[in-house]
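Position one of the sequence shown corresponds to residue 5 (our numbering), numbered consecutively onward. The next block holds one structure in the form of structure tokens; read it before the comments.
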Amino acid sequence: AVKVGTGALLSKSSYEAMTAPNLLGFGRKQDNCAPSCFTQVNGYNYGIGIVRSGSWLLQNPLLDGYSATEAYLPSKKIAIAVATTFAPEAFDSQGNYKNSSDTVFRLIGAYVAPDDPPPRAKD
Numbered sequence: 005a006v007k008v009g010t011g012a013l014l015s016k017s018s019y020e021a022m023t024a025p026n027l028l029g030f031g032r033k034q035d036n037c038a039p040s041c042f043t044q045v046n047g048y049n050y051g052i053g054i055v056r057s058g059s060w061l062l063q064n065p066l067l068d069g070y071s072a073t074e075a076y077l078p079s080k081k082i083a084i085a086v087a088t089t090f091a092p093e094a095f096d097s098q099g100n101y102k103n104s105s106d107t108v109f110r111l112i113g114a115y116v117a118p119d120d121p122p123p124r125a126k127d
């Protein structure tokens, strides 16, 4: 999380391209591809290879019965990594399941950085 979040593996221009909020406002919700298709907002928007969520930089894959989130808050130099696996009961009748590692990361992030927590979806 630290190497990705700090840009240590990239040139300065590549890091800026990866983390810049260039896609804020881009896209729109499409019922036939929900929840993947949506307008890019501050709480969750995609750069080039990385997700921006408020001040946090992260990746949060969700596939094949597992989820993982690695995140970095550059201003505080805080790195968080969470991985989860799912029992059969986690899946609905269509095979869908929630990214619980993302939820856990956001709770931890709010605890360790209360002045700059990762944005959370409205309940």
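Glycine included, every Cβ here is placed at the ideal spot set by N, Cα and C. Only a predicted model underlies this, so the values are computations on that prediction, with no experimental measurement involved.
### Query
Do asparagine 129 and aspartate 106 have their C-beta atoms closer together than 8 Å?
Examination of residue 129 is not possible in this model, given that the chain is present from 5 through 127 alone.
### Task
Answer yes or no: does any C-beta atom of chain D fall closer than 8 Å to that of serine 57?
The structure shown contains no chain D, having only a single protein chain.
### Task
Flag serine 15 as yes when its Cβ comes closer than 7 Å to any non-hydrogen atom of the ligand ADP, and as no otherwise.
As presented, the structure is devoid of all ligands, the ligand ADP included, so that no description of it is given.
### Query
Nearest to glycine 69 by CA position, among Ser104, Asn46, Asn49, Gly47, is which residue?
Position 65 of the sequence shown holds residue 69. It is Ser104 whose Cα lies nearest to the Cα of glycine 69.
### Task
May I ask you to list the residues that DSSP assigns as paired with proline 108?
Mapped onto the sequence shown, residue 108 falls at position 104. Checking the sequence shown, residue 108 turns out to be valine, not proline. Its beta-bridge partners do not exist; DSSP assigns none.
### Query
Looking only at C-alpha atoms, which of Ala94, Pro122, Tyr19 sits nearest to glycine 53?
By 1-based counting over the sequence shown, the position of residue 53 is 49. Checking every option, the nearest Cα to that of glycine 53 belongs to Tyr19.
### Message
I'd like the list of long-range same chain contacts for cysteine 4, defined as Cβ closer than 8 Å, with 5 residues on each side in sequence excluded.
### Response
Absent from the structure is residue 4, since the part of the chain shown begins at 5 and ends at 127.
### Task
Can you say whether leucine 99 is buried or exposed, counting buried as having 16 or more other CB atoms within 10 angstroms of its CB?
Position 95 of the sequence shown, counting from 1, holds the residue named residue 99. Here the sequence assigns glycine to residue 99, which means leucine is not the residue at that position. The residue is exposed, with fewer than 16 neighbouring Cβ atoms inside 10 Å.
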